[in-house]
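> For the protein sequence lines, the chains are A and B, in the order given. With the first letter of the first sequence counted as 1, position 199 gets the number 187 in my numbering; the numbers rise by one all the way through. With the first letter of the second sequence counted as 1, position 181 gets the number 169 in my numbering; the numbers rise by one all the way through.
Number of protein chains: 2
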Amino acid sequence: MKKGKKYSYLYERPALAADTVIFGFDGETLKVVLTQRKKDPFKSRWALPGGFVFMDETTEQAAKRLLLEKAGLKNVFIEQLYTFSDMDRDPRERIVSVAYYALVNARQYEISAGRDTLKTEWFSLQDMPKLAFDHSKIIKLAAERLKGKVSYQPVGFELLNEKFTLPQLQALYEAILETPIDKRNFRKKILSTGLLLALDEKEKNVAHKAAQYYSFDKKMYKELGKKGFHFEL
Amino acid sequence: MKKGKKYSYLYERPALAADTVIFGFDGETLKVVLTQRKKDPFKSRWALPGGFVFMDETTEQAAKRLLLEKAGLKNVFIEQLYTFSDMDRDPRERIVSVAYYALVNARQYEISAGRDTLKTEWFSLQDMPKLAFDHSKIIKLAAERLKGKVSYQPVGFELLNEKFTLPQLQALYEAILETPIDKRNFRKKILSTGLLLALDEKEKNVAHKAAQYYSFDKKMYKELGKKGFHFEL
DNA sequence: CCAAAAGTGTTAAGGGTACACCCATGC
DNA sequence: GCATGGGTGTACCCTTAACACTTTTGG
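#1: With a Cβ-Cβ cutoff of 8 angstroms, do G39/B and L55/B count as a contact?
#2: Can you list, in chain order, the residues of its chain with a C-beta nearer than 6 angstroms to that of A255/A? Leave out the 5 residues immediately preceding and following it.
#3: Hey, out of R80/B, S112/B, D122/B, whose CA is closest to A87/B's CA?
#4: Under 9 angstroms between beta-carbons, which chain B residues line up against V138/A? List them in chain order, please.
#5: Taking Cβ-Cβ distances shorter than 9 angstroms, what residues in chain B pair up with M75/A?
#6: Counting only C-beta atoms, is R1/B closer than 8 angstroms to chain A at any point?
#7: I'd like to know whether the C-beta of K(-6)/B is nearer than 8 angstroms to at least one C-beta of chain A.
#8: Please determine if the stretch 34 to 51 of chain B and the stretch 188 to 203 of chain A are in contact, where contact requires at least 3 C-beta pairs separated by less than 8 angstroms.
#9: Residues of chain B with CB under 9 angstroms from Y89/A, in chain order?
#10: Q114/B: buried (16+ other C-beta within 10 angstroms of its C-beta) or exposed?
#11: Could you check what DSSP says for T8/B in three-state terms: helix, strand or coil?
#12: Check whether the stretch 171 to 183 of chain B touches the stretch 143 to 163 of chain B, counting contact only when three or more Cβ pairs, one atom from each stretch, lie closer than 8 angstroms.
#13: Quick check on the DSSP output: what are the complete beta strand (DSSP E) runs of length 3 or more inside the stretch 136 to 175 of chain A, in order along the chain?
#14: With DSSP collapsed to three states, give me the class of S85/B.
#15: In chain order, what residues of the same chain lie with their CB nearer than 6 angstroms to the CB of L4/B, ignoring the 5 residues before and after it?
#16: If I follow the unbroken alpha helix (DSSP H) through T58/B, where does it start and stop?
#17: DSSP on E67/A, reduced to helix/strand/coil?
#18: Count the other C-beta atoms from every protein chain shown that fall within 10 angstroms of the C-beta of F11/B, then say buried if there are 16 or more, exposed otherwise.
#19: For the alpha helix (DSSP H) containing Y209/A, list its first residue and its last residue.
#20: Against chain B, with Cβ distances strictly below 8 angstroms, would L119/A count as a contact?
#21: Identify which residue in F111/B, A59/B, P117/B, I126/B has its Cα closest to the Cα of Y97/B.
#22: Check each residue of the stretch 56 to 70 of chain B: if its Cβ is closer than 9 angstroms to any Cβ of chain A, include it; give the result in chain order.
#23: Taking only three categories from DSSP, how would you classify K128/B?
#24: Are the beta-carbon atoms belonging to F65/A and I126/A less than 8 angstroms from one another?
#25: Using a cut-off of 8 angstroms between C-beta atoms, extract the partners of L134/A located in chain B.
#26: On a CA-only basis, which of E16/B, P29/B, E0/B is nearest D78/B? Give me that one, please.
#27: In whole angstroms, what separates the C-alpha of N63/A from that of E150/A?
#28: Buried or exposed: K207/A, going by 16 or more other Cβ atoms within 10 Å of its Cβ?
#29: For chain A, check one thing: does any of its Cβ atoms lie closer than 8 angstroms to the Cβ of V84/B?
#30: Can you list, in chain order, the residues of its chain with a C-beta nearer than 7 angstroms to that of K(-9)/A? Leave out the 5 residues immediately preceding and following it.
#31: So E189/B is in the beta strand (DSSP E); what residue range does that whole segment cover?
#32: Run down chain A in chain order and give the residues with a C-beta less than 8 angstroms from the C-beta of L4/B.
#33: Who pairs with F72/B in a beta bridge, going by DSSP?
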């Protein structure tokens, strides 16, 4: 190993960014937040909310900060997805991006446009515009990850209101897994986890039998020690 | 958002490194490759093989290059694990590390000490020395990831010879999952995947009934389209 | 012939899947 | 009273889990 080009890392380093796929659920389809770019490159194209990582923050802190700056979101579930480092990700220069995904309640939060963005909006996963950079690739990977995650951890609750009905929860699972689920089997299975708490409250003003509200029993989840959850199909 | 400190990323960037957890199996326990550091910080401490990412390579390419340089390994299964970015990971300066894990056949490859290392050796996961940086944390995460992975993808074969016996394969699963497995149930399940090809060759020179050799049917695996594998307990 | 590990089948229990009708509510 | 979606139970099948003896080989 010689000195010279190979040691250029001492002087030259890739820039480090964080981008986040924010998932939300509107009752029908899975959505993600996109921001429209105000500047080149890819001026006016839609992109994931993201930006550079500062020297005094971890990549996760950066992702959270950018969530707030670019979409007005705070205190959300967030988890690291993957690090993208292809040489030509960004036309300007080399940028390595640590991608995260976040789960938020799309109805509870107002999404607000932030710095460097023209607009910030929810887009259905089924119906996405052409994206900047390699962001479609990132979203695709995030959707797959979520599919896997939902089948062994009760993350779905992050996407719903604190109280929700079983039909709502089922619709969410169907949207994430992209497959229809049998109503009775779904109820049996999800209730058998013991993680749902039936509230004594029902839907109102619906032109059919009112659905029971439930909430997620976080205490029980901690007691179960995150074991013994398995949700196939 | 003001200019100033917050924009320091334009001038100052974290260094970017890649570290790899190399798993091997000696027939009894899971092992990982560690290298003893020749320089400060943590001079003479054991650490994961790793190093800086150059400007003309992806993090995965860097991990592969470092595998070759530091441990003499080539053409191995490698997959991204997680990106570590805590501020105080490295006492010198801020270094963000993209961690990978690799699966190699510990018997087939000779491990050789590389540049900047005193020695390079296999260590049993059960019996690890005190490590430099946050490398124990990385190894712990890698072991968990491998546990999960092995139950839905047939990765175990990367750790064995091309031909192997079912008792060998079972011992590997037991080592990874850290739990004993029933012999008959294991055979039934693993054979029912249709991914094993019985060779017409048996063990030799063993003081007991000779075990049948099998190989992994890669063609069949591709045909099955990576679906329908599920290995619980 | 002895030691040591490979190989083999059955049963019982639990979980998954498929499936159709009645109920509550608003209009 | 009608349309709409919520809520409920059962039967079959397949998978899992538990479990003990015979076979082959080298020494």
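Ideal Cβ placement from N, Cα and C applies to all residues, glycine included.
Checking against the coordinates, here is how it stands:
#1: Mapped onto the second sequence, residue 39/B falls at position 51. Mapped onto the second sequence, residue 55/B falls at position 67. Result no, Cβ atoms of G39/B and L55/B do not sit closer than 8 angstroms.
#2: Any answer about residue 255/A is impossible in this case: the structure gives chain A only from -11 up to 221.
#3: Counting from one through the second sequence, the residue named residue 87/B turns up at place 99. Checked all of R80/B, S112/B, D122/B; the closest Cα to A87/B is D122/B.
#4: Reading the first sequence from its first residue, position 150 is the one you call residue 138/A. Simply none; closest approach about 15 angstroms.
#5: Numbered from 1 along the first sequence, position 87 holds the residue referred to as residue 75/A. Within chain B, the residues near M75/A are M43, D44, E45, T46.
#6: What you label residue 1/B is simply residue 13 of the second sequence in a count that begins at 1. Among the CB atoms of chain A, one or more fall inside 8 angstroms of the CB of R1/B.
#7: As a working mapping, residue -6/B is identified with position 6 in the second sequence. The predicted model places K(-6)/B with a pLDDT of 44, which falls under 50 and marks its position as unreliable, so this point remains unresolved.
#8: They do not touch, by the three-pair rule.
#9: Residue numbering aside, residue 89/A sits at position 101 when the first sequence is read from its first letter. Correct list: empty, because the minimum Cβ distance to chain B is about 14 angstroms.
#10: The sequence position of residue 114/B within the second sequence is 126, counting from 1. Residue burial is scored here from C-beta neighbours: Q114/B has fewer than 16 other C-beta atoms within 10 angstroms and is therefore classed as exposed.
#11: Taking the first residue of the second sequence as 1, we reach residue 8/B at position 20. Per DSSP, reduced to three states, the secondary structure at T8/B is strand.
#12: Flag = yes, the stretch 171 to 183 of chain B and the stretch 143 to 163 of chain B touch.
#13: Whole beta strand (DSSP E) segments, 3+ residues: 151 to 153.
#14: Within the second sequence, residue 85/B is the residue found at index 97, counting from 1. S85/B falls in the strand class under three-state DSSP.
#15: As a first step, residue 4/B must be located in the second sequence, where it is residue number 16. Counting only Cβ-Cβ distances below 6 angstroms, and skipping sequence neighbours, we find V41, V84.
#16: Along the second sequence, read from residue 1 onward, the residue named residue 58/B stands at position 70. Checking the sequence, you will find Lys at residue 58/B rather than Thr. In this chain, the alpha helix (DSSP H) harbouring K58/B covers 47 to 59.
#17: Sequence index remark: in the first sequence, residue 67/A carries index 79 (1-based). Residue state, collapsed to three classes: strand.
#18: As a first step, residue 11/B is located in the second sequence; it is residue number 23 there, counting from the start. Burial of F11/B is indicated by the presence of at least 16 other C-beta atoms within 10 angstroms of its C-beta.
#19: Position 221 of the first sequence, counted from the start, is the residue given in the question as residue 209/A. Note, Y209/A: alpha helix (DSSP H), 206 to 211.
#20: Counting from one through the first sequence, the residue named residue 119/A turns up at place 131. At a cut-off of 8 angstroms between C-beta atoms, L119/A does not count as an interface residue with respect to chain B.
#21: Against the second sequence, residue 97/B aligns to sequence position 109. Answer by Cα proximity: A59/B.
#22: From the stretch 56 to 70 of chain B, only E57, Q68, Y70 have a Cβ closer than 9 angstroms to chain A.
#23: If you number the second sequence from 1, residue 128/B lands on position 140. Reduced to three states, the DSSP call for K128/B is helix.
#24: In the first sequence, the residue the question calls residue 65/A occupies position 77. In the first sequence, the residue the question calls residue 126/A occupies position 138. It is not a contact, given that the beta carbons lie outside the stated cut-off.
#25: Indexing the first sequence from 1 puts residue 134/A at position 146. Around L134/A, no beta-carbon contact reaches into chain B at under 8 angstroms, the shortest distance being about 16 angstroms.
#26: Residue numbering aside, residue 78/B sits at position 90 when the second sequence is read from its first letter. Here the closest residue by C-alpha is P29/B.
#27: Within the first sequence, numbered from 1, the residue matching residue 63/A stands at position 75. Within the first sequence, numbered from 1, the residue matching residue 150/A stands at position 162. Taken atom to atom, the span from the alpha-carbon of N63/A to that of E150/A is near 14 angstroms.
#28: Taking the first residue of the first sequence as 1, we reach residue 207/A at position 219. The C-beta of K207/A has fewer than 16 other C-beta atoms within 10 Å across all chains shown, which makes the residue exposed.
#29: Counting from one through the second sequence, the residue named residue 84/B turns up at place 96. Taking Cβ atoms only, chain A reaches closer than 8 angstroms to V84/B, which makes this a yes.
#30: As a working mapping, residue -9/A is identified with position 3 in the first sequence. Low confidence applies to K(-9)/A: its pLDDT is 39, below 50, so where it sits in the model is not reliable, and the reading given next is rough at best. For K(-9)/A, where only same-chain residues beyond five positions count, there are no Cβ hits under 7 angstroms.
#31: Stepping through the second sequence from its first residue, residue 189/B is reached at position 201. First-last of the beta strand (DSSP E) with E189/B: 184 to 190.
#32: The sequence position of residue 4/B within the second sequence is 16, counting from 1. Contact annotation for L4/B against chain A: Y(-3), R1, P2, L4, V84 [CB-CB distance below 8 angstroms, chain order].
#33: Reading the second sequence from its first residue, position 84 is the one you call residue 72/B. DSSP output for F72/B lists S85/B as bridge partner(s).
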